[in-house]
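Working notes, beginning with the structure itself.
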Amino acid sequence: MPIGDFIALIVVWLIGTIVGLAILHWLVSNAIHSSELARDIREIKELLKRQYAAGPDGTGGEPSGDEGEADGTGGDAEACPGCGARVRPTDEVCPSCGLTLIAQDDGEKE
Ligand SMILES: [Zn+2]
1183 MPIGDFIALI VVWLIGTIVG LAILHWLVSN AIHSSELARD IREIKELLKR
1233 QYAAGPDGTG GEPSGDEGEA DGTGGDAEAC PGCGARVRPT DEVCPSCGLT
1283 LIAQDDGEKE
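Residue numbers for the sequence shown follow our numbering, beginning at 1183 and rising by one.
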């Protein structure tokens, strides 16, 4: 075997080993990185789930606004502070409970 072929073989083997190690290193680091990312995402999901479960106590959505605000009376309907019935801003008293509604622009509520 000529010495030139032997050196060429060693060089090719070295280059192959280096490239192989680089690919292996890239694969391993990529796998570690993606698994860390997946673990982070899982932790964030668990945290969000726990936070969401601890936040609302199951009230079941919005407490107001179920009557529908645009059924012909215009968009100025307000809720009576006494009984919660819908009243118009022009109403002096609540038609449902009789509460006086005039002193609203005063700013002072009791
Ligand atoms: Zn009322």
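The beta-carbon is built from N, C-alpha and C at its ideal position, and this holds for glycine as well. The structure presented is a predicted model; accordingly, all values stated were derived computationally and were not measured.
DSSP puts residue i in a beta bridge; with which residues?
{"i": "Glu1274", "result": "Its beta-bridge partners do not exist; DSSP assigns none."}
{"i": "Thr1282", "result": "Val1275"}
I need the DSSP call for residue i, collapsed to helix, strand or coil.
{"i": "Ala1236", "result": "helix"}
{"i": "Ala1267", "result": "coil"}
{"i": "Ala1261", "result": "strand"}
Do residue i and residue j have their C-beta atoms closer together than 8 Å?
{"i": "Ala1267", "j": "Ser1278", "result": "yes"}
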